[in-house]
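What follows is a set of notes on a single structure, which appears directly below.
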Ligand SMILES: NC(=O)c1ccc[n+]([C@@H]2O[C@H](COP(=O)([O-])OP(=O)(O)OC[C@H]3O[C@@H](n4cnc5c(N)ncnc54)[C@H](OP(=O)(O)O)[C@@H]3O)[C@@H](O)[C@H]2O)c1
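In the working numbering, the protein residues as written are 297 to 527.
Rendered as structure tokens:
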């Protein structure tokens with residue numbers, strides 16, 4: 297890390313909050329390592345933001361894909377300063393008994409196992425350096441619940457719990473925190489709120505306030521349940 301310029305790893309950079317954070321961190325002079333499943337979006341980001349930024353098609357639900365990504369990135373960029381476990385899915389609005397098994401599994405595989413896959417393959421290098429911050433994206437629905445989003449709520453409550461455990465395992469100097477980003481007008485919000493999502497801030501506006509907040513998270517925050525300022 298040169299000066300105060302950081303290497304920031306973000307999952308789910310193809311759209312929504314991940315895309316907006318990518319653009320804002322790079323605008324501020326930081327290096328972003330990002331992934332998503334959309335080949336088109338990853339190719340666009342690679343054209344728009346050349347090296348040392350690095351964008352790759354990686355499905356975080358695949359432990360093998362995350363392992364290969366981590367091996368490559370750790371040797372080219374070293375351990376990241378900040379890991380943002382942002383990628384997630386939400387179920388289509390429906391009562392729990394109507395959610396098909398595959399849909400339930402997909403939400404768990406990305407939102408819980410995907411976060412753990414990233415932790416498994418990137419955090420040992422951070423622990424070795426005894427430095428770095430891990431931010432696991434939670435939700436208002438990781439601290440409360442509503443009808444028709446039970447699979448998503450289950451995963452975000454899981455994120456709160458596993459992050460609290462992780463925070464007690466890290467050496468001093470590091471931090472792991474769950475972050476409720478607030479309510480932002482993204483594809484995910486439109487899936488559950490429909491047309492009323494347009495009253496909430498756009499991701500780019502949110503990122504202007506959230507990115508400086510993320511850059512200030514430090515070891516003193518370890519284990520704290522954080523909420524991002526809304527744009
Ligand atoms: N928007 C809100 O109001 C809100 C509120 C509370 C919490 N959150 C949380 O904030 C985070 C970002 O949400 P968002 O609203 O930006 O969602 P979004 O617009 O749906 O974007 C989700 C991102 O995750 C990526 N992704 C999904 N599955 C993936 C996988 N298996 N591997 C890699 N990338 C994957 C998607 O890209 P690909 O499809 O290309 O893979 C996309 O870039 C999530 O953790 C969400 O739960 C959002």
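We put the CB at the ideal spot given by N, CA and C, even for glycine.
**OP:** Check whether the Cβ of residue 482 lies closer than 7 angstroms to any heavy atom of ligand 1, and answer yes or no.
**Re:** Yes, the beta carbon of residue 482 sits closer than 7 angstroms to at least one heavy atom of ligand 1.
**OP:** Flag this pair as yes or no: are the beta carbons of residue 426 and residue 469 separated by less than 8 angstroms?
**Re:** Judged by their CB atoms, residue 426 and residue 469 are nearer to each other than the 8 angstroms cut-off.
**OP:** Give the range of the alpha helix (DSSP H) segment to which residue 402 is assigned.
**Re:** 397 to 404
Subject >> Alpha-carbon to alpha-carbon, residue 324 and residue 509 >> reply: 13 angstroms
Original post:
Using the rule of at least 16 other Cβ atoms within 10 Å of the residue's Cβ for burial, across every protein chain shown, is residue 529 buried or exposed?
Top reply: Since the first residue shown for the chain is 297 and the last is 527, residue 529 is missing from the structure and cannot be characterised.
Original post:
Do the region 463 to 483 and the region 421 to 435 make contact, defined as three or more Cβ pairs closer than 8 angstroms?
Top reply: yes
Original post:
Is residue 500 near ligand 1, going by C-beta to nearest heavy atom under 7 angstroms?
Top reply: no
Subject >> Distance between residue 515 and residue 372 (C-alpha atoms, nearest Å) >> reply: 26 angstroms
Original post:
By a C-beta neighbour count over all protein chains shown, 10 Å radius and 16 as the cutoff for buried, is residue 502 buried or exposed?
Top reply: Buried, since its Cβ has 16 or more Cβ neighbours within 10 Å.
Original post:
Which of the three DSSP states, helix, strand or coil, is assigned to residue 350?
Top reply: In the structure shown, residue 350 sits in a strand (DSSP, three-state: E or B).
Subject >> Backbone CA spacing between residue 395 and residue 386 [nearest angstrom] >> reply: 12 angstroms
Original post:
Around the Cβ of residue 332, are there at least 16 other Cβ atoms within 10 angstroms (buried) or fewer (exposed)?
Top reply: Residue environment analysis places residue 332 among the buried positions, since at least 16 neighbouring C-beta atoms fall within 10 angstroms of its C-beta.
**OP:** Keeping to the same chain, check which residues put their C-beta closer than 7 angstroms to that of residue 366; ignore five residues upstream and five downstream.
**Re:** 417 and 418
Subject >> Simplified DSSP state of residue 298, which is helix, strand or coil >> reply: Any reading at residue 298 needs caution, since the residue's pLDDT is 48, under 50, leaving its predicted position unreliable; the model's value is listed next. Residue 298: coil per DSSP, three-state reduction.
**OP:** Determine the DSSP secondary structure at residue 314, reduced to helix, strand or coil.
**Re:** helix
Original post:
Between residue 297 and residue 364, what straight-line distance do the alpha-carbon atoms span, to the nearest angstrom?
Top reply: Any reading at residue 297 must be qualified, since the residue scores a pLDDT of 45, below 50, and its modelled position is unreliable; the value itself is stated next. Straight-line Cα distance between these residues: approximately 23 angstroms.
Subject >> Whole-angstrom distance between residue 358 and residue 308, CA atom to CA atom >> reply: 14 angstroms
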